[in-house]
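A.B. asks: In the working numbering, the protein residues as written are 3 to 478. C-beta: ideal position from N, C-alpha, C; glycine also.
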Amino acid sequence: MKIAIWWIRRDLRLDDNHALHAAMRWSDQVLPLYIIDPALTGSAYTSDRRLGFLLGGLALLQSDLATRASRLVIRHGTPFAVLGQIVEELRVCAPAATIRIYAETDYSPYAKARDQAIAATYPLHLVSSPAILPPGAVVKDDGSAYTVFTPYSRRWKATFRAEAVKPLPAPVILSTPAFPESDTLPASAPPPGPEFPPGERAAARRLAAFTEGAEAPIARYATDRDRPDLNGTSQLSPYLRFGMLSPRRAALAAYRAEAEAADEPARRGAQVWLDELIWRDFYITILDRFPHVRGGSFRPEYDKIRWANDQAAFAAWCEGRTGYPFVDAAMRQLRAIGWMHNRARMVVASFLVKDLLIDWRWGERWFMQHLLDGDPAANNGGWQWAAGTGTDAAPYFRIFNPVSQGQKFDPTGDYVRRWVPELSAVPPKQIHAPWQLSAADQRRVRCIIGQDYPHPIIDHQFARVRALEVYKQAFA
DNA sequence: CTGCACTTAAA
DNA sequence: TTAAGTGCA
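#1: Within 10 Å of its beta-carbon, does Ile-450 have 16 or more other beta-carbons around it, so buried, or fewer, so exposed?
#2: Closer than 6 Å by C-beta to Gly-322: which residues in its own chain qualify, once you throw out the five before and the five after it? Chain order, please.
#3: Once the 5 residues before and after Glu-260 are set aside, which same chain residues still bring their CB inside 7 Å of it?
#4: Less than 7 Å between the C-beta atoms of Pro-192 and Gly-58, yes or no?
#5: Pull the bridge partners of His-78 from the DSSP assignment, please.
#6: Within the segment 105-175, note down every full alpha helix (DSSP H) run reaching 4 residues or more, in order along the chain.
#7: With distances taken Cα to Cα, identify the nearest neighbour of Phe-212 among Gly-234, Leu-135, Glu-197, Asp-228.
#8: Which residues in the same chain have their Cβ closer than 6 Å to the Cβ of Val-295, if we skip the five residues on either side of it in sequence?
#9: Can you tell me which of His-23, Ala-24, Pro-34 puts its alpha carbon nearest to the alpha carbon of Gln-10?
#10: Just the C-alpha distance for Phe-244 and Gln-438, rounded to the nearest angstrom, thanks.
#11: Using beta-carbon positions only, say whether Tyr-112 and Met-370 come within less than 7 Å of one another.
#12: With C-beta atoms as the reference, is Glu-106 less than 7 Å away from Ser-72?
#13: Only counting the same chain, and skipping five residues up and downstream in sequence, which positions put a Cβ closer than 8 Å to that of Ala-139?
#14: Does the Cβ-Cβ distance between Val-349 and Gln-386 come in under 7 Å?
#15: Does the pairing of the segment 407-421 with the segment 228-242 give three or more beta-carbon distances under 8 Å?
#16: According to DSSP, simplified to helix, strand and coil, what is Ile-220?
#17: Note down, in chain order, each residue of its chain lying with its Cβ closer than 7 Å to the Cβ of Ile-459, except the 5 sequence neighbours on either side.
#18: To the nearest angstrom, how far is it from the Cα of Leu-289 to the Cα of Gly-365?
#19: Where does Ile-288 fall in DSSP's three states?
#20: Between the segment 64-83 and the segment 390-410, do at least 3 Cβ pairs fall closer than 8 Å?
#21: Starting from the C-beta of Gly-390, find all residues in its chain whose C-beta is less than 6 Å away, skip the five residues before and the five after it, and write them out in chain order.
#22: Tell me whether Leu-35 counts as near the ligand PLP, meaning its Cβ is closer than 6 Å to at least one heavy atom of that ligand.
#23: Helix, strand or coil, according to DSSP, for Trp-9 in the structure here?
#24: Pull up the distance between the alpha-carbon of Leu-359 and that of Glu-471, whole angstroms please.
#25: Can you name, in chain order, every residue of its own chain whose Cβ lies under 6 Å from the Cβ of Val-84, other than the five neighbours on each side?
#26: Restricting to Cα atoms, I'd like to know which of Ser-248, Ala-252, Ile-120, Gly-195 is closest to Ile-220.
Written out as structure tokens, the structure is:
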């Protein structure tokens, strides 16, 4: 008798699940297990809303398993202790059984240390990865890791063989031991809003809606993706974060959309979206190979930047009252729905780091505390890119102008009006710089600057020069 | 070594 | 068009 524990971590799905598949192939019975780890739920990088999304996904997985004659075991505790208990309980119920643990490999420093300690004591088998191509699969000719995205993506595309990828179907039935028992699933965290229903079914629907058919948004992705007012992105990031969607399925959908594209812009759209999936692999690889990025700059010399770190300015940024409408809209969107458009992420990050001279780690932590898709690899990579401290970084002298970014990517101001209602009567021409309205115009649109909406927290032209000085000093 | 290219912005 | 910079083939 062989019993496999399928230890679920960030692969909350039955479809195309390599860890589950390996567990089934080896064993006679599979015990699906999710461990609610206090080190993760109690961390300063946790979001209650993300926890709610996770719990919603677990509830759906529970019912999906029930329809397959199986069940989900939930346990609270440190993974090492819980796995020890489960193994012990299985040995009592099935003394003759051989037991193994199967899980998908994970690459954050915490996950690697955790798994290494467990593997030293228990038969832990790690398979596959949350990336499409795992760390180590895409390397330079000399075997070293890429630190620039474009050559990485070229090699990635030469390595990935879409025609050879055969997603694994979800099991129809899963034989599961009747013991040990499960804790009840907690309901303490706020459930996600209607924008992001959890679960692999919702993820599959969203992937299909984004990629399938002649009218699919992916066909316009190359241009619409930069427009937060148009919602031209897939909004699949929370599902990829928890593995409610197989990243291989996503990549295959991109290849298929490219093959079936009706015209050149549509083909381009599919290629650009695939690149976004490759960015995800890239940052997973960077965090694996350069784990020091978790606490500091990829380039150590950038740790010498003398941040202003003004608490009041940070609070204004967090709460969306910087006086720059595009920045404020984005920050309010984040708090309202636990997600922010990618173009907006770049702009608010540049504003925090370059205009307010606040340590990028503060922004990184705030994002982790609010994003449904908050992921240590992608979030860290994005922040270091924006701060100019990372791999493949934007040179530090490239500083986003929050007004021209708004005018360019939210030309009618729809995005600003949606999230900053006090500006709703400001004409499109002035909506990204409302302080330029005359006093009479401010009265007419019922938005007095300094009263109904804040003055700009800092003058961008001044801040730009200051940031260049401070960055230059760090290298002197 | 040398040229090319860079999730590119601003002027 | 430039570039306060640099990885990669």
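C.D. replies: According to the structure data:
#1: exposed
#2: Asp-330, Met-333, Arg-334
#3: Arg-269, Ala-272, Gln-273
#4: no
#5: Ile-38
#6: 111-121, 151-161
#7: Gly-234
#8: Asn-382
#9: Going by the sequence as given, residue 10 is Ile instead of Gln. When each option's Cα is compared against that of Ile-10, the closest is Pro-34.
#10: 44 Å
#11: no
#12: no
#13: Thr-161
#14: no
#15: yes
#16: helix
#17: Ala-315, Ala-318, Thr-324, Gly-325
#18: 18 Å
#19: helix
#20: no
#21: Ala-396, Tyr-398
#22: As far as ligands go, the structure on display features none, and thus does not contain the ligand PLP.
#23: strand
#24: 11 Å
#25: Ile-37, Arg-77
#26: Ala-252
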